[in-house]
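Q:
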Ligand code: GMT
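Residue numbers (the working numbering): 262 to 636.
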């Protein structure tokens with residue numbers, strides 16, 4: 262198949278999933294054309310069958326604001342036409358599904374039937390898409406897509422109820438390469454972060470409000486009362502300064518290590534003892550899956566699609582949003598009980614490998630593509 266993939270090229274989970282999907286499809290012999298304003302972050306190396314098309318932005322002085330959605334639609338049309346694409350698969354509805362719809366409709370006039378598939382990832386449905394000015398357009402673009410997938414059952418239900426959509430939505434969970442994300446401890450890093458053998462709590466995110474990163478610092482403050490521990494925070498974003506301030510205010514800044522954005526996450530995650538994901542909203546929680554693949558128990562909030570991934574009392578623990586006391590209790594309980602800890606760690610890795618490995622999920626996308634092409 263010839264497939265165009267559009268996604269955000271930055272560090273977010275939707276871009277990661279889209280890029281890894283494209284790479285996996287290319288290895289299987291499909292021709293993949295990424296269309297975005299920059300090269301997707303995970304596409305750094307040459308891969309056979311993978312092509313990248315950069316969306317050029319018009320900078321005519323009249324346009325005070327970027328016309329990205331239009332430029333994207335034009336590029337989608339161009340690539341679909343000249344590369345003879347069968348499918349345009351857009352990740353994150355806003356604005357990609359609308360641009361895709363435009364491209365599809367224009368091509369239809371030239372008797373070209375380009376199938377549009379939209380994958381819903383999270384805040385495109387649960388937050389941004391609900392803004393009154395966006396809602397009708399998001400609903401329309403979902404309804405007009407030839408196929409729609411959601412990364413969790415939770416997100417599918419939310420889409421149906423929030424947008425009163427009657428369309429069939431296919432749930433295809435996110436996936437991970439468990440050969441890249443696997444337990445490989447980097448001793449040097451561990452000694453650097455926890456020189457006296459302290460336990461390591463870890464969290465990775467884009468530091469947006471929905472991630473509630475501050476909760477991880479409150480959890481550390483409580484865990485430290487019982488066990489020597491450090492907190493490693495990976496990523497960057499709008500809440501980072503506030504988190505740094507909180508660590509100073511609580512007088513634990515020496516035990517909170519901000520690493521900023523990092524590549525080679527697998528090695529870093531492997532040095533953790535427990536991964537924390539206290540989000541306010543999370544349609545899936547790819548970062549938790551990355552930690553689980555590295556054999557780490559996850560302590561998370563009970564929101565969105567996380568319970569489809571983290572099994573309470575098996576691969577980690579789930580607490581109410583903001584209940585940092587309980588999260589800390591769970592962490593201490595696990596860190597005090599080696600047998601239980603090792604069982605949870607093993608369960609996490611097994612769950613990632615058995616249920617969310619790339620080779621289990623990518624065929625679901627291929628089957629779905631075939632179904633849409635034959636519809
Ligand atoms: O929806 C967002 O805010 C961004 C998006 C992203 O690009 O990281 O995150 C969502 O998609 C991820 C990949 O499918 C999911 O793992 C995240 O749970 C989801 N984020 C939210 O629902 C907040």
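Note that beta-carbon positions come from the ideal geometry of N, C-alpha and C, so glycine has one too.
(1) At the level of alpha carbons, what is the spacing between residue 595 and residue 602?
(2) What did DSSP end up calling residue 591 once you bin it into helix, strand or coil?
(3) For residue 237, is the beta carbon positioned less than 8 Å from some heavy atom of the ligand GMT?
(4) Looking at residue 329: is its Cβ nearer than 9 Å to the Cβ of residue 315?
(5) Taking all protein chains shown into account, do 16 or more other C-beta atoms lie within 10 angstroms of the C-beta of residue 208, making it buried, or fewer, making it exposed?
(6) In this structure, does DSSP put residue 335 in helix, strand or coil?
(7) Quick test of your reading: residue 394 and residue 362, contact by CB under 8 Å. State the CB separation rounded to the nearest angstrom.
(8) Residues bridged to residue 411 by DSSP?
(9) Which value, in whole angstroms, describes the spacing of the CA atoms of residue 380 and residue 270?
(10) Let's see if you can read the secondary structure: which residues bound the alpha helix (DSSP H) around residue 283?
(11) Out of 358, 583, 338, 384, which one is the CA nearest neighbour of residue 369?
(12) Any heavy atom of the ligand PLP closer than 8 Å to the CB of residue 282?
(13) Take residue 287 as the anchor and find which of 509, 477, 262, 536 has the nearest alpha-carbon.
(14) Using DSSP bridges, identify the partner residues of residue 559.
(15) Note down, in chain order, each residue of its chain lying with its Cβ closer than 8 Å to the Cβ of residue 346, except the 5 sequence neighbours on either side.
(16) Using 8 Å as the cut-off, classify the Cβ of residue 563 as near or not near the heavy atoms of the ligand GMT, replying yes or no.
(17) With distances taken between CB atoms, is the gap from residue 527 to residue 443 smaller than 9 Å?
(18) Are the segment 494–514 and the segment 456–470 touching, with three or more C-beta to C-beta distances below 8 Å?
(19) What whole-angstrom Cβ distance do residue 559 and residue 577 have, given they're in contact under 8 Å?
A: Here's the rundown:
(1) Those two C-alpha atoms are separated by around 5 Å.
(2) Residue 591 falls in the helix class under three-state DSSP.
(3) The requested residue 237 does not occur in the structure, where the chain is confined to residues 262 to 636.
(4) Going by C-beta atoms, residue 329 is not nearer than 9 Å to residue 315.
(5) With the chain running from 262 to 636 in the structure shown, residue 208 is simply not present.
(6) For residue 335, the secondary structure class from DSSP, reduced to helix, strand or coil, is helix.
(7) Not quite, the Cβ-Cβ distance comes to about 17 Å (not below 8 Å), so this is no contact.
(8) Paired residue(s): 381, 432.
(9) C-alpha separation (whole angstroms): 15 Å.
(10) That run of the alpha helix (DSSP H) goes 274–288.
(11) Nearest of 358, 583, 338, 384 to residue 369, Cα basis: 338.
(12) Here the bound small molecules are the ligand GMT; the ligand PLP is not part of this structure.
(13) Ranking the options by Cα distance to residue 287, first place goes to 262.
(14) The partner list for residue 559 (beta bridge, DSSP) reads 536, 577.
(15) Hits under 8 Å: 263, 264, 265, 294, 340, 375.
(16) Answer for residue 563: no, Cβ out of range of the ligand GMT.
(17) In this structure, residue 443 lies closer than 9 Å to residue 527 by Cβ.
(18) Output reads yes: the segment 456–470 touches the segment 494–514.
(19) Indeed they touch by this definition, with Cβ atoms about 4 Å apart.
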